[in-house]
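Heads up, the thing below is written out as structure tokens.
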Amino acid sequence: MTNFHRIVWQLLIVLIAGMFSSQLELLAADVRFGTDIVPILTKLGCNGGGCHGKATGQNGFKLSLLGFEPDQDYESLVAEGRGRRLSQAAPDRSLLLLKATSSVPHGGGRRLDQSSDDYHLLRDWIAQGSPAPRSDDPQLVRIELSPRNQVLATNETLQLKATAFFSNGTSRDVTKQAVYQSNELGIAAVENDGLVKTGTQPGLVAVMARFGEQIATFHAAVPFVTDPAKRAVIEEQLRGIGFQPVSPSSQNDSRQDDRQDASPTNTHLLNQWRKLAVVPSATADDATFLRRASIDICGTLPTSGEITEYLADSRLDKKSRLIDRLLDRPEYASYFALKWSDILQNRGAGYSTGKQRAGTTLFAGWIRDSLATNKPYDQFVSELLTASGSQYENPPALWYRTVRKSPEYVESVAQAFLGVRIQCAQCHHHPTERWSQSDYFSLAANFARVGRKGGFADAEVPTDEIIFLKDRSAVLHPRTGERLQPRPLGGSEFLLGPDDDPRVSLARWMTSRDNPFFARTMANRMWAHFLGRGLVHPIDDARSTNPPSNPELLDALAQDFATSGFNVKHLIRSITLSHAYGLESAPHAGNTGDTQTFSRFYPRRLSAEVLLDGFSQVLEVPTVFAGVRAGTRAIDLPDENVAAHFLDVFGRPARMSACECERVDAPALTQALELVNSAEIQRKLTEKSGYSQRLAESDKSHADIANEVFVRVLARKPRADELKAAADYLALEPDRAEACRSLLWSLLVTNEFLFNH
Amino acid sequence: MDYDNSIATVIDSRNLSTLKGPEELLKNVLHQPREASLFATMSMVMLTAQALFGQVPPELTTVFPAGGQVGQAVEVTVSGGNLQALRTLHCNVPGVHCERLDASRFRLSIPANAMPGLYDLWGMGDNGVSAPRMLVIGNRAEQVEVEPNETGSTAMPVPLDVVINGRIEKPTDIDQFRFDARRGQRVVVECSAERIDSRLRAVLEIHDASGRRLAVNRGYFGSDPLIDFRVPADGSYVVNVLDLIATGSAEHYYRLEIDTGPRVAFSVPSVIERGKASHVTLFGWNLSTAGSPENPLDRVNVEIPAKLAHETWPLPARLLPSQVVLAGAVFPFHLPGSHAPVLIGLSDVPVVVDRGDNVSAAAAREIVVPCEISGQLVAGDERDWFAIQARRGEVLFIEALGQRIQSPVDLQVSVVESHSSLSKPNPLIVERSTTLAQLTDETRNVGGAFPTAHLDPSGRWVCPADGRYLIAIRNLTGGLQSDPRRVYRLGVRREEPDFELIAVPRRNDPSGLNVKRGGREVLDLLAFRRRGMNDAIRVSAEDLPSGVECPDVWLGPGVDRATIVFSADRNAAAGFGELRLVGESRGLLRDPHDSTGERSTTKTRPVHGGTMVRAGTPNGGGRMTSFIPLAIAGDSPLKITADGDEELVHPLYGRLRVKHSPGGVLDVAVHVERKEIGHQAAVKLFGVGLPESIPNQTATIPAGQQKGYVSFYLPPTLPVGRYSFVVRAETTVPTADQKTETVIVHSNPVVFDVQPAAFRVEVDPFAVTQARRGETIKVAYSANRLNGFIGKMHTELAAPGRITDVVGLRGRGETFTGQTDKGTLQIVVNDDAPLGRQPSLRLFTVGVVEDEATCFGSSLLPLEIIE
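Shown next as structure tokens:
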């Protein structure tokens, strides 16, 4: 080699070395633990709940769940285990990289390729001395997905792009570093790199992306029909539904609601159907609507007389008159008191004496009275949250009998009134929401001064306590030990004097018209009650990553509810007079498979109490419950601790949480067995003074019996074939009483009876 | 003399003689000469002489109807236990006459001038006296419920302005009553149940003729409901009465008022100055001034003449144990035409009526100590502020009354720094000011099953420096709603110790005080000490009948529970009488009028009665009674006598009577006297009514013996003073059918003085605790001189009743002189020493001055003898 060549080589080496050197310096300067390293660990699943992110870590190495505590993770990586996990002298020999690449045995397997960008980034960070997070590091402010919304066809793909924005004004593409998750895998799946793939199922889907502690959501609609020609036909059909504008003068007059009006509710429903190119089912017939509304509002089947009267009513506003009539009945208060007794955990189990039953009865009575008088919902909740005094005398204070500790306060309030599940944040940052442990415990601080005194200790909890405002009490952040001041969820601290009850401030914040949760949660809860599924589903799990299926509709309902002065009956009128509530439950070819847009009425099984009361009503034999007044209906029971096997089999909840999901309506073998073998149903069928026996003893013809029984049980007349089959059976069966019993029972155990449809 | 007539006559004469008025009552109780025996002069009723051994006193469970109308007769039926020998019913209303109709029915004639209200009714008969039940006297027409009335169609028609006496007789029963009313009428429907000793937890509903429920109430006065019903249209309405949890029985009785007349709930002010004319506003329904939407209660202003403003006892009202402070400090004011009187408090210091314009610290109202404030906290978060001037070291007692005057509040009282130096007081600054004191509720339950705890705060505050201070009062349970019923009283006074006393049957069941001849019976005494009262209280009985004894008992310093004992000799005449007990405390009190020192004062208070309405939780509880009736009936099979002052024979100092001091041991010799001498079962002994700080002990008198000991350790912290307690004995006695039954009897009270200790004897904690027969052991101990004692100390081994030579053991005494305070006592264990733990063995030290044993001390020695 000549000198020239040697010099050239040397220059080249210097240049190359310089290039690498500058590149290394550049990389080192850019690699930040919080915004570069932690997202890699999240993307690779290292800090997932099933791996090192769980509370106890994995094999001695513990990371914060999903990297929400970078400082803690830095300590774990760099300092813990005498620094054995990182080797700055030989970065590639770092245990972190050896494990991740499965170069040494790793329980989690191979998570990283040595040639990947993520590997290089991790290696560079180690090589540069594993710099710690610094207070002046740019902070991740938000991430954005683009596009944010899109209408997609079935079997289509779309590449999402994720961009992270930092506090220093910079941004960068983090599409590959972000983690993605779809909420409806049947409609669309998403791959690791943000590629969305729709399937064959139409509907609405949301894809969440998480980078660092920030999340963003992409919303897609996959229409039922994409062919333009077919869409035009559907448009035409939707125009045919014929919504009429509501005149301003009649907007508050429920008498006008029977028409297919262009109320905001109907307008937003229609917009949704247009967007997804779905045609709703036909309008249900009057008898079906009457039965549906009677069950949903009063938990009670319509009587034959009511059916006849309603069918004979030819007034245009008969539906709204019916709703008003139902809302005015005491059964409305009873049925919804049952619902609220579940949510408010008016629990009787564990108590052994009459005095405890007095408490549950008192509380149930207060709830029922509040509903009967249509107490504004904000007042109802405020009285509950701020309840003080003796549980012996002040019924809402009984809420504090079963709701006793910080987690119960927070989770009950969040789920029942704010529609949020925040329990994750008790131990770690919520993985799919913004709620941190500070949010959780600051909300708990509102209840820190709930004092209790007196009371009679029983098996489970003391009863007849006096709830009062304690002088002072602190809630500390479990990790930092910081004393947390009372503040609302997602808000700033309340300004409180030393003698102010934080619960009052919380109630005021919660019940203000512009509260982002309160009215929406109740509107959604009521929508779910009547339509079988919440606009946000599940109803108490609202979050940006679980968006409402029809946000405009939910907003409109909530706003209208708040504007009405939190008038619950008004809200119920709005929902029950909506076009969706009046639809048939049977799908047609154009909306089969729809479970999101309410293009048909989603049928659901009657709740345990309504079903049992239905048997009692049809057969005119009340259920005998031990320890309560004779003739008490199941929907009127003071608490869940009244023995009734039928109710337990059909999903009566134990009232252990504020979640309506505790009431189970899933089918079970025991339910079928109960319908076949129930001694109670047998008693109702065979009771001498009951309807079945009286029917048998009457001189009615077989056809008359069949007609009467069909109307009584199913709220409709039999079809011709049904009538013939029933009459023939009655004629064939020599024992008339047995024949009547069998006919009644066979109708009572049909899905048509068991379901509200 | 005809038996029945004699009872009626005597009781009537007693009523006429004793129930003349409040002032006279107190005068009688406190100042009547002892020789004027109440029993002897008027109230003793002779009973049959053949009363038998084993008689069980009557127990009154229900009286139905539970009331009657003034000027009318009412036939009542009683139920309960052991009522066979019931002779009459006695009511504390002056002039009520009782006529026995049959074994369970009586006719009560109520005088026309009786004040409406709640009274006591006792059953009396050959077997003694029962505990009282409530009897209500009303001034509206009375009816008795007629069944069936469970449905709207069978609802019992009743007029307006009526009282219906009913019962929820069986579980799930509903009683329905139909009344007609005109549009605009204000009909108050009120149910009394809990307040009249009923088990019913009443719910009231009003339905219209179509069956639509118009109103419901589940509790207004505590758990007793009231519906303020404004009639919406002319027509018929149905009132339903039901039990909240659908229970029912004969004990679920009630009185239902359907009333359009004037009714008073409370007054503002709720307290006035004693003996002075005052103006008050009465709040209620159908009064002259209509209420407003914010305050729906009607009002009427009345003037209380000075002559009415005096304490009254008994009261036509129910008082709970915690309300004892009202006894003798309230009077009933009855607005003419109204359904019942309202209790108005009396204060012997100036009364300040809160005007409601002091709801911020900046607007604090200046008050002068001492005073009593009467105010209202209508809004849920209202706070009333008051300002006082106090001097450094000044002691104030601040006491609030809310729950105890039946106001629906849980009061909190704070003493706060004042920023009076600011030209414009800033509420925010005050908010940040230091709270100097926050007074606490009386959560201590002195009475056990007779609960005395309450929510009203009170306490002592010592002023830290001369200046102005703020007192804030608020309701902790106000919530968001306003309620005009939230009245309060707030006393700000100096250190003026006071107390109240209640005597309650010891057994946790509803029973009267029945003493058997040849036996003893006890009552528990509960002391309610106020405003720094800590001295010993002596309780004594006055005007006892012949053959009945009640030795004085002492609630020692700070002690708030003791036991008083009544004994009847074998020849005592059977009969009834009213028991008069008086408490007296003599102590050195700081004289508020003399800053130079203290003065000796004597406080005397009558002892009020208490009764268990119902035993057991959760529905048990008690209330005060107007009087304490005492009956002598039956014969006792057993009597025990306790002697806490038995002489000891000391080998060096001869016969001694031990003086007690903290750290010592009190030996009580117990003698058993049986009616059936042949039966000699073992007797278990146990202390009753001991001061809390003295640990209780048990001991057994072996079968066949008539004497034994039970010993109590007096803790070093026990304050100097006089105390008393009782020994309870449990054993068996023969029955008529040759079997045995267990009986519990009580001794006479053991009274003992605790003097300052001259020394404290302590056995070395590492001393041997086991010794073999035939062994000689050494026990190290110390005897430390206290309180300037410099005399000689001589220590011996001792056991109850024996010194030096105890059974199977012999100690070799030791004497300390000069500066000696530690030593070793040698104990010889005989070969025949009883095996096992030696009960109440102790080192017994006498302090000697001029060769005379003047002071004593002991230290228990835990020693076990083994083979």
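Just so you know, the protein sequences line up as chains A and B, in that order.
Once you know that position 607 of the first sequence is 609 in my numbering, the rest is easy, because the numbers rise by one and skip nothing.
Once you know that position 107 of the second sequence is 735 in my numbering, the rest is easy, because the numbers rise by one and skip nothing.
A virtual CB, placed ideally from N, CA and C, is assigned to each residue, including glycine.
Contact between A:Ala339 and A:Arg293 does not hold, since the beta-carbon distance rounds to 22 Å and is not under 8 Å. Listed along chain B, the residues sitting closer than 9 Å to A:Lys455 by beta-carbon distance are Asp1038, Asp1069, Thr1071 and Leu1083. Those residues of the region 616-647 of chain A placed with their C-beta closer than 9 Å to a C-beta in chain B are Gly629, Val630, Arg631, Ala632, Gly633, Thr634 and Pro640, ordered along the chain. Residue range Gln439 to Ala447 is occupied by the alpha helix (DSSP H) that includes A:Ala447. The contact set of B:Arg1032 on chain A, defined by CB atoms closer than 7 Å, is empty, because the minimum CB distance reaches about 14 Å. For B:Gln804, no CB of chain A lies under 8 Å from its own CB, so it is not counted at the interface with that chain. Residue-level contact by beta carbon fails for A:Asp380 and chain B, as no gap is shorter than 8 Å. Put simply, the region 1477-1484 of chain B does not touch the region 1435-1454 of chain B. Fewer than three CB pairs are less than 8 Å apart. Listed in chain order, the non-local C-beta contacts of B:Val908 below 7 Å within the same chain comprise Ser895, Val896, Pro897, Ile900, Val930, Ile932 and Ile972, local neighbours out to five positions each way being set aside. Residues of the region 821-850 of chain B with a C-beta less than 7 Å from any C-beta of chain A: Arg829, Arg841, Val844, Arg846, Gly847 and Gly850, listed in chain order. Going by beta carbons, B:Gly708 and B:Pro744 fall outside the 8 Å limit. By alpha-carbon distance to B:Leu788, the top candidate from B:Leu729, B:Glu775, B:Gly863 and B:Leu842 is B:Gly863.
Between the alpha carbons of A:Gly52 and A:Pro624 lies a distance of about 52 Å. In the structure shown, A:Phe63 falls within a strand segment according to DSSP collapsed to helix, strand and coil. For B:Ile1101, the enclosing beta strand (DSSP E) begins and ends at Gly1095 to Asn1103. Counting every other CB atom within 10 Å of its CB across the protein chains shown gives A:Cys300 a total of 16 or more, marking it as buried. A:Cys429 counts as exposed, since fewer than 16 other C-beta atoms from the protein chains shown sit within 10 angstroms of its C-beta. Two segments are said to touch when three or more pairs of C-beta atoms, one from each, lie closer than 8 Å; by this definition the region 1350-1369 of chain B does not touch the region 1396-1403 of chain B. The alpha carbon of B:Pro785 has as its nearest neighbour, out of B:Arg768, B:Asp808, B:Glu939 and B:Ala769, the alpha carbon of B:Asp808.
Beyond the five residues adjoining it in sequence on each side, A:Ser576 comes within less than 7 Å, by CB distance, of Thr267, Leu559 and Asp562 in the same chain, given in chain order. Excluding residues up to 5 positions away in sequence, Val977, Val1120, Arg1121 and Arg1122 lie with their Cβ nearer than 7 Å to the Cβ of B:Pro998 in the same chain.
In chain order, His432 and Pro433 place their CB closer than 7 Å to the CB of A:Cys426, counting only its own chain and leaving out the 5 sequence neighbours on each side. When the five nearest sequence neighbours on each side are left out, the beta carbons in the same chain lying within less than 8 Å of the beta carbon of B:Gln1109 are those of Gly1008, in order along the chain. Where B:Arg761 is concerned, the enclosing beta strand (DSSP E) starts and stops at Arg761 to Gly766. Every beta strand (DSSP E) of 3 residues or more that sits fully in the region 181-229 of chain A is shown, in chain order, as 181-184, 190-192, 197-200, 205-213 and 216-224. By the neighbour-count criterion, in which a residue is buried when 16 or more other Cβ atoms sit within 10 angstroms of its Cβ, A:Gln116 is exposed. Annotation: Cβ neighbours of A:Pro332 in chain B (cutoff 9 Å, chain order): Arg840 and Arg841. Here B:Cys726 is buried: its Cβ has 16 or more other Cβ atoms, across all protein chains shown, within 10 Å. At the C-beta level, A:Ser551 and A:Val281 stay beyond 8 Å of one another. Within 7 Å of the CB of A:Leu471, the CB atoms of chain B belong to Leu1104, in sequence order along the chain.
Contact between B:Gln1325 and B:Val1311 is absent: CB atoms are separated by about 14 Å, not below the 8 Å threshold. The region 1417-1426 of chain B and the region 1380-1396 of chain B touch, with no fewer than 3 CB-CB distances between them shorter than 8 Å. With a threshold of 16 other beta carbon atoms within 10 Å, B:Phe1394 falls short and is exposed.
Secondary structure note for B:Asp1381: its beta strand (DSSP E) is the uninterrupted segment Val1378 to Val1382. For the C-beta of A:Asp371, the chain B residues within less than 7 Å are, from N- to C-terminus, Val844. For B:Ala1018, the secondary structure class from DSSP, reduced to helix, strand or coil, is strand.
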